[in-house]
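Notes to accompany the following structure.
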Amino acid sequence: MSDLPSVSLDFIIEKLLNRDLIIPNTRVDVGESMTTFLKVGKQPIYKRLVNVRSKNGQVNFMQATSLAISFRFMGDLLQWYKDNKNWDEGGYFV
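If you use the numbering used here, the sequence shown corresponds to residues -18 to 75, in order.
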């Protein structure tokens, strides 16, 4: 999976915080590799936690795609791949 593009943690955090689904000011950084947010809702906290794992400021392809689908910014993610990784839509599938 190392040939799949990774995504900037800053981009993911920006997109998550721009959604009305995240409670403002709930960001918690756990060490250097995990950032946590809390989703809006009345479900128990453990169901509303959003954990973003990163390595060297990059989020792996699978988690970035999962977050983009869940939080409805897939179009922005594909544009980010095109602009920053020079990967056109579908270009990363062999």
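Glycine residues also receive a C-beta, built at the ideal position from the N, C-alpha and C atoms.
> What is the DSSP secondary structure of K28, counted as helix, strand or coil?
Replying inline: helix
> With distances taken from CA atoms, which of P(-14), R8, D64, I(-7) is nearest S51?
Replying inline: I(-7)
>> For P52, report the span of its beta strand (DSSP E) as first-last.
In response: Reading off the sequence, residue 52 comes out as Phe, not Pro. Looking at the DSSP string, F52 is not in any beta strand (DSSP E), and its letter there is neither H nor E.
>> Residues in the same chain with beta-carbon distance under 8 Å from M55, minus the five sequence neighbours each way, listed in chain order, please.
In response: T46, A49
> Over what stretch of residues does the alpha helix (DSSP H) that includes D(-9) continue unbroken?
Replying inline: Counting along the chain, the alpha helix (DSSP H) containing D(-9) begins and ends at -10 to -2.
>> With DSSP as the reference, identify every bridge partner of L58, one or two as the case may be.
In response: For L58, which the question treats as bridged, DSSP gives no partner whatsoever.
> Is it right to say S35 is buried, meaning 16 or more other beta carbons lie within 10 angstroms of its own, or is it exposed?
Replying inline: buried
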